[in-house]
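Using my numbering, you'd call the opening residue of the sequence shown number -13 and step up by one each time.
Glycine residues also receive a C-beta, built at the ideal position from the N, C-alpha and C atoms.
Worksheet for the structure shown next.
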Amino acid sequence: MKKIIELRGISKAYDGETVLDHINLDIYDNEFLTLLGPSGCGKTTTLRMIGGFEQPDEGDVMFLGERINDLPPHKRNVNTVFQKYALFPHLNVFDNVAFPLKERKVPKDEIEQKVTEMLKLVKLSGFEKRNVTRLSGGQQQRVAIARALVNHPQVLLLDEPLGALDLKLRKDMQQELKNIQKATGITFVFVTHDQEEALSMSDTIVVMSEGRIQQIGTPTHIYNEPQNAFVADFIGESNIVDGVMREDYKVTFSGHTFECVDKGFEKNEPVDVVVRPEDVDIVPLEKGMLRGLVTSVTFMGVHYEIIIDIGGFKWMIQTTDFVAEGEQVGLYIEPDAIHIMKKSEYSGMFGDYSSFSMELDELSDAESEDAE
């Protein structure tokens, strides 16, 4: 697969505060790559470096093997769709999409053909004469995407483009964007703080925190094989506990020694242990490897989210089986449900659901969106 973009040792600081810290990243032809992380992690700055809206303090931005640090945005074969679509309110749908072609003085019949193709691609055929101010948010976004794609750039940058849409429309557009990317063969670089969005759309996810890349991989790999406690916590729910790797395939945590599928650690090495909530079975007390007290039960529609206190550490379990608050239960964990990680600067910061509540979770999401 051909490399389109290479970021080599990219660093950037604002007012003495490091925003990007020696980033290295390869982006390939026909790839849907997502930059994922919390507010302030450096993902939008990385996108702006690729687009030419920011210049690195150190390092090189390479496009098809050529250094483009000093190349202005309009000379890069890259287009950007921002969260605020910046459509021209005095122009109709056709003229908004046609604008980049008219700027390049493309012949009229070619403009007609290309705009028609793009509007068909984004499912807005028949909207050509509609004023953009009379469109819904989702329709306006489709116009912005069509305008960005009409020149057929090699790379399309998307900076939180779904952030202003309601949940149902957002989910519809996730699928639409993936379909558009496949249909055009254009490389998409997408920025989001929404883990579910990244998992459902991406070929490759780049997880970022504090100006550094924490992990790069496919959605399945990142979810099933997180490299550290930050990634494990940020991608989905995770129980993350302190453990000791006794030997290959054997780990002790929460007062019990378990069989696992990991190896290559030092004997008796302290480790972080990740167990996803959906991978734990609630069993009768006498059959449990671990035992605990149910402190909270929340019905989520398809499953229950159950908080269980095991020796003062609160585990989250996701199950379709109901258990009552105040009940003593056993937990059974299969070897392949246990994932071992090296200790890191994020050890001990995540994975205990002592303060968990749906209200806090929703408040955190709202604050994150406001801060973007």
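Exposure label - A310; buried when at least 16 CB within 10 Å: On the sequence shown, position 324 is the one that residue 310 refers to. It counts as exposed.
Starting from G123, trace the alpha helix (DSSP H) in both directions and tell me its first and last residue. Numbered from its first residue, the sequence shown carries residue 123 at position 137. From DSSP, the alpha helix (DSSP H) with G123 extends over G123 to L135.
DSSP three-state assignment for K(-11), whether helix, strand or coil: Locating residue -11 in the sequence shown gives position 3, counting from the first residue. In the structure shown, K(-11) sits in a strand (DSSP, three-state: E or B).
Who are the near neighbours of P42 in its chain, counting only those whose CB is closer than 7 Å to its CB and skipping five residues on each side? Position 56 of the sequence shown, counted from the first residue, corresponds to residue 42. Answer for P42: I(-4), S(-3), K(-2), M35 and N55, listed in chain order.
How long is the line joining the alpha carbons of K300 and V247, rounded to whole angstroms? Within the sequence shown, residue 300 is the residue found at index 314, counting from 1. Within the sequence shown, residue 247 is the residue found at index 261, counting from 1. Roughly 24 Å separates the two Cα atoms.
Thinking C-beta only, is I319 closer than 7 Å to V266? Residue mapping note: residue 266 aligns to position 280 of the sequence shown, counting from 1. Residue mapping note: residue 319 aligns to position 333 of the sequence shown, counting from 1. Cβ atoms of V266 and I319: closer than 7 Å.
Reducing DSSP to helix, strand and coil, say where G(-5) ends up. If you number the sequence shown from 1, residue -5 lands on position 9. Looking at G(-5) - three-state DSSP - the assignment turns out to be strand.
When F85, V108 and K109 are compared against E98, the one with the closest alpha-carbon: Stepping through the sequence shown from its first residue, residue 98 is reached at position 112. Per the Cα distances, F85.
Compute the distance between the beta-carbons of V175 and L19, then report whether it is under 7 Å. Residue mapping note: residue 175 aligns to position 189 of the sequence shown, counting from 1. Residue mapping note: residue 19 aligns to position 33 of the sequence shown, counting from 1. Contact: yes.
D322 (DSSP reduced to helix, strand or coil): Counting from 1 along the sequence shown, the entry for residue 322 is found at position 336. In the structure shown, D322 falls within a helical segment according to DSSP collapsed to helix, strand and coil.
With 16 as the cutoff for other CB atoms within 10 Å, does M187 come out buried or exposed? One-based indexing of the sequence shown puts residue 187 at position 201. Buried, because 16 or more other Cβ atoms sit within 10 Å of the Cβ of M187.
At what residue ranges does the segment 22 to 58 contain a whole run of the beta strand (DSSP E), taking only runs of 3 or more? 44 to 49
Residue ranges of each alpha helix (DSSP H) run of no fewer than 4 residues wholly in the segment 150 to 227, ordered along the chain? 153 to 170, 181 to 187, 205 to 210 and 215 to 220
Determine, using beta carbons only, whether V315 and I268 come nearer to each other than 7 Å. Here residue 315 is taken as the residue at index 329 of the sequence shown, counted from 1. Here residue 268 is taken as the residue at index 282 of the sequence shown, counted from 1. A contact, by the Cβ cut-off of 7 Å.
Have a look at E331, V64 and F49 and flag the residue whose alpha-carbon is nearest the alpha-carbon of V136. As a working note, residue 136 is residue 150 in the sequence shown. Answer by Cα proximity: V64.
Starting from T284 and walking both ways along the beta strand (DSSP E), at which residues does that stretch end? Numbered from its first residue, the sequence shown carries residue 284 at position 298. L276 to F285 is the extent of the beta strand (DSSP E) around T284.
Grab me the residues of L317's own chain with a C-beta within less than 8 Å of its C-beta, minus the 5 sequence neighbours each way, in chain order. Within the sequence shown, residue 317 is the residue found at index 331, counting from 1. These residues qualify, in order along the chain: V266, D267, I268, V269, G274, M275, L276, R277, G278, I294, I296, W301 and I303.
Over the uninterrupted beta strand (DSSP E) stretch that includes T306, give me the two end residues. As a first step, residue 306 must be located in the sequence shown, where it is residue number 320. Secondary structure note for T306: it is in no beta strand (DSSP E), with a DSSP letter that is neither H nor E.
Quick check on this structure: which residue in F80, E103 and R90 has the alpha carbon closest to the alpha carbon of N117? Here residue 117 is taken as the residue at index 131 of the sequence shown, counted from 1. With distances taken between Cα atoms, N117 lies closest to F80.
Assigned secondary structure, A357 (DSSP; H/G/I helix, E/B strand, else coil): Sequence index remark: in the sequence shown, residue 357 carries index 371 (1-based). Only weak support exists for where A357 lies, its pLDDT of 45 falling under 50; the value from the coordinates is given anyway. Reduced to three states, the DSSP call for A357 is helix.
N10 in three-state terms, based on DSSP: For the purposes of this step, residue 10 is taken as residue 24 along the sequence shown, with counting starting at 1. Reduced to three states, the DSSP call for N10 is strand.
When the Cβ atoms of the segment 3 to 11 are set against those of the segment 196 to 203, are three or more pairs found closer than 8 Å? Yes, the segment 3 to 11 is in contact with the segment 196 to 203.
Span separating the alpha-carbon of H76 from that of E291: Your numbering for residue 76 matches position 90 in the sequence shown. Your numbering for residue 291 matches position 305 in the sequence shown. Going from the Cα of H76 to the Cα of E291 covers about 50 Å.
Using only the alpha-carbon positions, how far apart do G337 and E331 sit? The residue you call residue 337 lines up with position 351 of the sequence shown. The residue you call residue 331 lines up with position 345 of the sequence shown. Cα to Cα, the separation comes out at about 14 Å.
Apply the 10 Å Cβ neighbour rule to Y339 and answer buried if 16 or more other Cβ atoms are within range, or exposed otherwise. Your numbering for residue 339 matches position 353 in the sequence shown. By the neighbour-count rule (16 or more Cβ atoms within 10 Å), Y339 is buried.
C-beta neighbour in chain B for T306, strict 7 Å: Looking for chain B here will not work: only one protein chain is present.
Does A169 pass the burial test, meaning 16 or more other C-beta atoms within 10 Å, or should it be called exposed? On the sequence shown, residue 169 is found 183 positions in, with the first residue counted as 1. When all chains shown are included, A169 counts as exposed.
Buried or exposed: E3, going by 16 or more other Cβ atoms within 10 Å of its Cβ? If you number the sequence shown from 1, residue 3 lands on position 17. Looking at its Cβ environment, which holds fewer than 16 other Cβ atoms inside 10 Å, E3 is exposed.
Can you tell me which of the three DSSP states N82 falls into? Taking the first residue of the sequence shown as position 1, residue 82 is located at position 96. Helix at N82.
Taking 8 Å as the limit between beta carbons, can you name the residues of its chain near P212, skipping five residues before and five after? By one-based count along the sequence shown, residue 212 stands at place 226. In its chain, beyond the 5 residues on either side, Q201, A218, I221, S224, V260, H325 and M327 have a beta carbon closer than 8 Å to the beta carbon of P212.
Rounded straight-line distance, which links the Cα of Q160 to that of K(-12): Translated into the one-based positions of the sequence shown, residue -12 becomes position 2. Translated into the one-based positions of the sequence shown, residue 160 becomes position 174. Those two C-alpha atoms are separated by around 25 Å.
Considering only residues of the same chain and omitting the five flanking positions on each side of L144, which have a CB-CB separation below 6 Å? Residue 144 sits at position 158 when you count from the first residue of the sequence shown. Same-chain partners within the cutoff: V67 and F176.
Have a look at L21, G287 and L50 and flag the residue whose alpha-carbon is nearest the alpha-carbon of T305. Sequence index remark: in the sequence shown, residue 305 carries index 319 (1-based). Among L21, G287 and L50, the Cα nearest to that of T305 is on G287.
When you compare only the Cα positions, how much space is there between P59 and V101? As a working note, residue 59 is residue 73 in the sequence shown. As a working note, residue 101 is residue 115 in the sequence shown. When rounded, the distance between both Cα atoms is 22 Å.
Reducing DSSP to helix, strand and coil, say where E331 ends up. If you number the sequence shown from 1, residue 331 lands on position 345. Three-state result, E331: coil.
E162 classed as buried or exposed, judged by whether at least 16 other C-beta atoms fall within 10 angstroms: Along the sequence shown, one-based indexing puts residue 162 at 176. Flag for E162 reads buried.
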